[in-house]
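Single-structure report; data block below.
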Amino acid sequence: MKNALPENAKIAKEAKECMQECVSEFISFITSEASEKCHQEKRKTVNGEDILFAMTSLGFENYAEALKIYLSKYREQSQSNRGESSHRPGSSGYGANPPTGAGSFQAEPQNNVLGGQQGDGSADAQGYLYGAQTGHNGTGGADGYQ
Numbered sequence: 001m002k003n004a005l006p007e008n009a010k011i012a013k014e015a016k017e018c019m020q021e022c023v024s025e026f027i028s029f030i031t032s033e034a035s036e037k038c039h040q041e042k043r044k045t046v047n048g049e050d051i052l053f054a055m056t057s058l059g060f061e062n063y064a065e066a067l068k069i070y071l072s073k074y075r076e077q078s079q080s081n082r083g084e085s086s087h088r089p090g091s092s093g094y095g096a097n098p099p100t101g102a103g104s105f106q107a108e109p110q111n112n113v114l115g116g117q118q119g120d121g122s123a124d125a126q127g128y129l130y131g132a133q134t135g136h137n138g139t140g141g142a143d144g145y146q
């Protein structure tokens with residue numbers, strides 16, 4: 001939340017708690033739909049495609065499209081990291097060389113998963129779907145917060 005606000009902005013404890021509740025509910029909503037799909041297909045493991053399918057079927061297709069690209073690039077990076085680590089002595093076992101690039105939400109602008117120039121809304125040269133979006137505080141324009 002702090003990244004979307006000016007440096008001197010404060011966030012009330014109640015606002016943080018509200019966001020945590022909303023995010024938890026959103027995750028539960030999406031995961032429940034994905035789990036139902038797995039149950040119908042007699043599978044026990046929910047995977048990334050199940051989550052993306054659930055997001056699309058629940059009306060979050062704009063997010064699902066961007067996340068499909070992210071998941072694809074993450075898997076490519078994971079594969080290349082696995083290939084590199086298999087040739088290194090002393091790297092073995094789960095988590096010995098964890099994949100890079102997905103562990104932090106502090107992305108550099110050139111590594112922005114959504115790509116594009118700030119707020120341009122167009123595809124960039126790397127083929128991403130959406131431009132970077134300017135932060136929004138959730139209020140309408142009519143109430144004086146812009």
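Per the UniProt record's numbering, residue 1 is the first one in the sequence shown, and the count goes up by one each step. Note that CB positions come from ideal geometry on N, CA and C, so glycine has one too.
Which same chain residues end up closer than 7 Å to residue i when comparing Cβ atoms and leaving out the 5 residues on each side of it in sequence?
i	result
Ala64	Leu52, Met55, Thr56
Check the C-beta distance from residue i over to residue j and give it rounded, since I have them as a contact under 8 Å.
i	j	result
Ile30	Leu58	7 Å
Lys37	Asp50	6 Å
Buried or exposed for residue i, please, with buried defined as at least 16 other CB atoms from any protein chain shown within 10 angstroms of its CB.
i	result
Ala34	buried
For residue i, which residues in the same chain have their Cβ closer than 8 Å to its Cβ, ignoring the five residues on either side in sequence?
i	result
Ile11	Met1, Lys2, Leu5
Glu17	none
residue 153	Nothing about residue 153 can be reported from this structure: the residues present for the chain run from 1 to 146 only.
Measure from the alpha carbon of residue i to the alpha carbon of each residue in the options, then state which is nearest.
i	options	result
Ile27	His39, Arg43, Phe60	Phe60
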